[in-house]
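Chemist: The structure's right below; bear with me while I get my questions together.
2 protein chains.
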Amino acid sequence: MTKITIKNVAEKAGVSVTSVSRVLNNRGYISDDLRTKVMEAIDELNYTPNEIARSFYKSETKSVALIIPTIQNPFFSELAFHIERELSKTGYHLYIGNSLNDSVNEREYLKMLKEQRVDGMIVGSHNIEIEEYDKVTGNIVSVERKINDRIPMIESDNYQGGKLATERLIQQGCRKILCISGSQTVDSPANNRVVAYSDVMQENHLKEQILEIPFAESAAEKHKRIQEVFSSEIEFDGIFVDDDILASYAMNEASKQNQKVKIIGFDGTKLMQDLFPELITVVQPIEEIAKKSAEVLLRLIKHEKVENLYTLPVKLNQ
Amino acid sequence: MTKITIKNVAEKAGVSVTSVSRVLNNRGYISDDLRTKVMEAIDELNYTPNEIARSFYKSETKSVALIIPTIQNPFFSELAFHIERELSKTGYHLYIGNSLNDSVNEREYLKMLKEQRVDGMIVGSHNIEIEEYDKVTGNIVSVERKINDRIPMIESDNYQGGKLATERLIQQGCRKILCISGSQTVDSPANNRVVAYSDVMQENHLKEQILEIPFAESAAEKHKRIQEVFSSEIEFDGIFVDDDILASYAMNEASKQNQKVKIIGFDGTKLMQDLFPELITVVQPIEEIAKKSAEVLLRLIKHEKVENLYTLPVKLNQ
DNA sequence: TTGAAAGCGCTAACAG
DNA sequence: CTGTTAGCGCTTTCAA
């Protein structure tokens, strides 16, 4: 079972490889007769062009990589889904890299660009120093992190999200609102969710209470941290949680303890909205983020002009 | 910013490209002096070999594709995660294809094999006629579907899962057990979950009640179907549900209606166990399925001997 | 221990 | 309209 190449097709059809190539790519002048002969040979031999040879010649792979912390997180799986579907429309294929927030892994994936395995990269995992990116050449789009002026960023309007959530809680009568968020140490636009919370609380002369539960902690630890909140002496009648999964933990805990507390989450993945229809949450436009990321990357690849920043609107689901 | 090639390195180091290649691949005899010169040139030029050129020469891409219905489903995202992590250990990269259970998409992804874009493929989406696969050459591993004798299958012990679940419900005192499952029309080993349910019910002289809710239906429709079950005249004191997401709908509905009913689900993804700690479910060994799929595919690629079928054990989580 | 040269499969000048 | 040929970047004979 040896591989069929364009040469075999040319021989079979009794023409040159160039002519076969012309038929394949529909380029230049080809007579109907020649085309027919070639098509027949292709059919008979069940030939498909070797895409790696094409990629090699054209220095263009029609592949893109998406680097995220883990595809197991519903936010990233929804993002990945829409990016893949969008790219597939133009014949692009998508690699997935789970960095697990480890810079070693992240660097490994980033190498794919330099190795010319991919035409571009969407990075949604951010564990490499900004400076390292300055040395990297190649088409990159960043999701939710400003890397440098050369790399466009797609984000949702985090500040607006935090504002909507906090204002809604206040409007629902909450006065002691706890804010639970991922670690604020990393420089991420997601921090603006908490900034907005603080601003709104201050405007309303309410006391801020912020609790950080690092994103990287295990599920078991997070459950424990949430339980501790409920059994501590912290007083609250509302919680704004940075993340729907944590929000669901909090909802469960509140109902277990029979404690009345309004909760608003963040992300609004289809899955979480589906599993917890009663959860009020700030919905990020994940599909739009995905499509915009793909679109901007494809524009970069085609050397078309792109903006430096795309901020997409959020809303409450209820 | 023109691309640096092996030729530039050779010129800079004052040696032949062969020697550079030898250093890169650590093959053949190279003097320390030559090695040093080459290494220096590589460093100075910040050179990385073009992997597409390598792939092309070696007819080996170090890439694999995974085809699934949708990465948005927690089962498949967990599967994909572990497959990617496993493959990365040997320098392989993973493409993801979301077929959406559309045979057109599936065929498109399958083409990547013939185009020689990938060294192999793991198929977890099954919407193409078995006969079509007979014509496909290339390394394929199937997850949860027998395709043909040439394509190894990895599955979990579905029958045992159905048995464990049904027996547990009976043991918990249920006598009117409803079984809710995906459509049984497709030929899938998952059907054995229901077969086992039937067998156990018959052994215990209990009446079988089976309800099919096709996998492909929308979330909203599924919610509705579950609600209908609870408001219908069907009597049940226990439900065995084919799928944790549906099981969670049923749990929610039961609690809303304040109806006492034991529920056992299926899949046991980390995410669903985490979100619904109280849900009893049949845990598929997803990580093992993933690792085995990757391992078997890599063996196929290396022309090593593999089994035809791998059935992995399941268990109840509680 | 090193280098020259062929060739992987394809596309694109360039010639006819 | 069609064919000859060079060359994409790399690895690997083969020869020195």
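In the order they appear, the protein sequences are chains H and G. The end of the first sequence is residue 1136 by the numbering used here, with every number in the run present. The end of the second sequence is residue 1136 by the numbering used here, with every number in the run present. Every residue, glycine too, gets a C-beta built ideally from N, C-alpha and C.
#1: For F1058 (chain G), return the contacting residues in chain H, with the cut-off set at a CB-CB distance below 7 Å.
#2: Which one of G:K907, G:N1070 and G:S1036 has the shortest CA to CA distance from K1109 (chain G)?
#3: Measure the beta-carbon distance from I948 (chain H) to I965 (chain H) and round it to whole angstroms, keeping in mind my assumption that it falls under 8 Å.
#4: Can you confirm whether M903 (chain G), when its beta carbon is compared against all beta carbons of chain H, has any partner nearer than 8 Å?
#5: For Y875 (chain G), which three-state DSSP category applies?
#6: State the start and end residues of the unbroken beta strand (DSSP E) segment that holds Q1002 (chain H).
#7: Compute the distance between the beta-carbons of L863 (chain H) and I822 (chain H), then report whether it is under 8 Å.
#8: Secondary structure at Q1027 (chain G), three-state DSSP: helix, strand or coil?
#9: Could you spell out where the beta strand (DSSP E) holding T1129 (chain G) opens and where it closes?
#10: Is it buried or exposed, A849 (chain G), if we count other Cβ atoms within 10 angstroms and call 16 or more buried?
#11: Using the three-state DSSP reduction, which class does I946 (chain H) fall into: helix, strand or coil?
#12: Looking only at its own chain, which residues have a Cβ that is under 6 Å from the Cβ of A983 (chain G), when we skip the five neighbours before and after it?
#13: Just the C-alpha distance for D1060 (chain G) and Y865 (chain G), rounded to the nearest angstrom, thanks.
#14: Does the beta-carbon distance from F1084 (chain G) to G915 (chain G) come in below 8 Å?
#15: DSSP has D1085 (chain G) in a bridge; who is on the other side?
#16: Is T1087 (chain H) buried or exposed, if buried means 16 or more other CB atoms sit within 10 Å of its CB?
#17: Count the other C-beta atoms from every protein chain shown that fall within 10 angstroms of the C-beta of Y913 (chain H), then say buried if there are 16 or more, exposed otherwise.
#18: Taking the alpha helix (DSSP H) that S837 (chain H) falls in, what are its first and last residues?
#19: Could you give the C-beta distance for L1064 (chain G) and I1098 (chain G), rounded to a whole number, given that I count them as a contact under 8 Å?
#20: According to the Cβ coordinates, are G956 (chain G) and I995 (chain G) closer than 8 Å?
#21: Exposed or buried, E924 (chain H), counting other C-beta atoms within 10 Å across all chains shown (16 or more means buried)?
#22: In terms of residues, what are the limits of the beta strand (DSSP E) holding N916 (chain G)?
#23: Near K830 (chain H), which residues of its chain fall below 8 Å by C-beta distance, leaving aside the five closest residues on each side in sequence?
#24: Per DSSP, which residues does I1203 (chain H) bridge with? Please list them.
#25: Looking at N868 (chain H): is its Cβ nearer than 8 Å to the Cβ of E933 (chain G)?
#26: Which stretch, first to last residue, makes up the alpha helix (DSSP H) that contains I824 (chain G)?
#27: In this structure, how does DSSP classify F1058 (chain G) when only helix, strand and coil are distinguished?
#28: Let me make sure I understand the geometry here. Which of H:E1096, H:I946 and H:G909 has the alpha-carbon closest to that of S927 (chain H)?
#29: For G832 (chain H) and K876 (chain H), what's the separation of their Cα atoms in angstroms?
#30: What do you get for G909 (chain G), buried or exposed, if any count of 16 or more other CB atoms within 10 angstroms of its CB means buried?
#31: Tell me which residues share the same chain as D967 (chain H) and place their Cβ nearer than 7 Å to its Cβ, disregarding the 5 neighbours each side in the sequence.
#32: Counting Cβ pairs closer than 8 Å, one from the region 1036 to 1053 of chain H and one from the region 1063 to 1080 of chain H, do we hit at least three?
#33: Near A1067 (chain H), which residues of its chain fall below 8 Å by C-beta distance, leaving aside the five closest residues on each side in sequence?
#34: If the cut is a Cβ gap below 8 Å, which residues of chain H does F899 (chain G) touch?
#35: Please state whether DSSP places G956 (chain G) in a helix, a strand or coil.
#36: Could you name the residues of chain G that K1088 (chain H) contacts, counting a contact when the two beta carbons are closer than 8 Å?
Modeler: Inspection of the coordinates gives the following:
#1: Locating residue 1058 (chain G) in the second sequence gives position 240, counting from the first residue. By Cβ distance, chain H contributes nothing, its closest Cβ being about 20 Å from F1058 (chain G), past 7 Å.
#2: Within the second sequence, residue 1109 (chain G) is the residue found at index 291, counting from 1. The option with the nearest alpha carbon to K1109 (chain G) is G:K907.
#3: Within the first sequence, numbered from 1, the residue matching residue 948 (chain H) stands at position 130. Within the first sequence, numbered from 1, the residue matching residue 965 (chain H) stands at position 147. Their Cβ separation, rounded to whole angstroms, is 6 Å, which keeps I948 (chain H) and I965 (chain H) in contact under 8 Å.
#4: Residue 903 (chain G) sits at position 85 when you count from the first residue of the second sequence. Contrary to the premise, residue 903 (chain G) reads as Arg rather than Met in this sequence. For R903 (chain G), the answer is yes, since a Cβ of chain H falls inside 8 Å of its Cβ.
#5: Taking the first residue of the second sequence as 1, we reach residue 875 (chain G) at position 57. It is helical.
#6: Position 184 of the first sequence, counted from the start, is the residue given in the question as residue 1002 (chain H). Run containing Q1002 (chain H): none; DSSP gives neither H nor E here.
#7: Translated into the one-based positions of the first sequence, residue 863 (chain H) becomes position 45. Translated into the one-based positions of the first sequence, residue 822 (chain H) becomes position 4. The answer is yes: Cβ separation under 8 Å.
#8: Residue 1027 (chain G) sits at position 209 when you count from the first residue of the second sequence. Correct three-state label for Q1027 (chain G): strand.
#9: Taking the second sequence and counting its residues from 1, one reaches residue 1129 (chain G) at position 311. Element bounds for T1129 (chain G): L1127 to L1130.
#10: Translated into positions along the second sequence, residue 849 (chain G) becomes position 31. The residue you asked about is not Ala; residue 849 (chain G) is Ser in the sequence shown. Flag for S849 (chain G) reads exposed.
#11: Counted from its first residue, the first sequence places residue 946 (chain H) at position 128. The answer is coil: DSSP assigns I946 (chain H) none of H, G, I, E or B.
#12: As a first step, residue 983 (chain G) is located in the second sequence; it is residue number 165 there, counting from the start. Excluding residues within five positions, the ones whose Cβ falls inside 6 Å are F1058, I1082 and V1100.
#13: Locating residue 1060 (chain G) in the second sequence gives position 242, where the first residue counts as 1. Locating residue 865 (chain G) in the second sequence gives position 47, where the first residue counts as 1. Straight-line Cα distance between these residues: approximately 53 Å.
#14: Locating residue 1084 (chain G) in the second sequence gives position 266, where the first residue counts as 1. Locating residue 915 (chain G) in the second sequence gives position 97, where the first residue counts as 1. For F1084 (chain G) and G915 (chain G), no; Cβs fall outside 8 Å.
#15: By 1-based counting over the second sequence, the position of residue 1085 (chain G) is 267. G:V1101.
#16: Your numbering for residue 1087 (chain H) matches position 269 in the first sequence. Classification of T1087 (chain H): buried, given that the 10 Å Cβ count is 16 or more.
#17: As a position in the first sequence, residue 913 (chain H) is number 95, starting the count at 1. Looking at its Cβ environment, which holds 16 or more other Cβ atoms inside 10 Å, Y913 (chain H) is buried.
#18: Counting from 1 along the first sequence, the entry for residue 837 (chain H) is found at position 19. Counting along the chain, the alpha helix (DSSP H) containing S837 (chain H) begins and ends at V835 to N843.
#19: Within the second sequence, the letter at position 246 stands for residue 1064 (chain G). Within the second sequence, the letter at position 280 stands for residue 1098 (chain G). With 8 Å as the limit, L1064 (chain G) and I1098 (chain G) do not qualify as a contact, their Cβ atoms being about 14 Å apart.
#20: Start at 1 with the first residue of the second sequence, and residue 956 (chain G) comes out as number 138. Start at 1 with the first residue of the second sequence, and residue 995 (chain G) comes out as number 177. Against a cut-off of 8 Å, the Cβ pair of I995 (chain G) and G956 (chain G) comes out as no contact.
#21: Taking the first sequence and counting its residues from 1, the one referred to as residue 924 (chain H) is at position 106. Buried, since its Cβ has 16 or more Cβ neighbours within 10 Å.
#22: Walking along the second sequence from the start, residue 916 (chain G) turns up at place 98. N916 (chain G) -> beta strand (DSSP E) spans H911 to N916.
#23: Locating residue 830 (chain H) in the first sequence gives position 12, where the first residue counts as 1. Counting only Cβ-Cβ distances below 8 Å, and skipping sequence neighbours, we find A859, E862 and L863.
#24: What is shown of chain H runs 819 to 1136, which leaves residue 1203 (chain H) out entirely.
#25: As a first step, residue 868 (chain H) is located in the first sequence; it is residue number 50 there, counting from the start. As a first step, residue 933 (chain G) is located in the second sequence; it is residue number 115 there, counting from the start. In this structure, E933 (chain G) lies closer than 8 Å to N868 (chain H) by Cβ.
#26: Indexing the second sequence from 1 puts residue 824 (chain G) at position 6. Run containing I824 (chain G): I824 to A831, per the alpha helix (DSSP H) assignment.
#27: One-based indexing of the second sequence puts residue 1058 (chain G) at position 240. Of the three classes helix, strand and coil, the one that applies to F1058 (chain G) here is strand, per DSSP.
#28: Position 109 of the first sequence, counted from the first residue, corresponds to residue 927 (chain H). First, the amino acid is wrong: residue 927 (chain H) is Tyr here, not Ser. For Y927 (chain H), the nearest C-alpha among the options comes from H:I946.
#29: Indexing the first sequence from 1 puts residue 832 (chain H) at position 14. Indexing the first sequence from 1 puts residue 876 (chain H) at position 58. Taking the straight line from one Cα to the other gives about 27 Å.
#30: Walking along the second sequence from the start, residue 909 (chain G) turns up at place 91. Result: exposed.
#31: One-based indexing of the first sequence puts residue 967 (chain H) at position 149. Here the set comprises N1126.
#32: yes
#33: If you number the first sequence from 1, residue 1067 (chain H) lands on position 249. It is Tyr, not Ala, that sits at residue 1067 (chain H) in the sequence shown. Answer for Y1067 (chain H): K1040, H1041 and I1044, listed in chain order.
#34: To locate residue 899 (chain G), count along the second sequence from 1; it is residue 81. Correct list: T888, I889, Q890 and N916.
#35: Along the second sequence, read from residue 1 onward, the residue named residue 956 (chain G) stands at position 138. The answer is coil: DSSP assigns G956 (chain G) none of H, G, I, E or B.
#36: The count along the first sequence starts at 1 and reaches residue 1088 (chain H) at position 270. The answer, in chain order, is Q890 and A1037.
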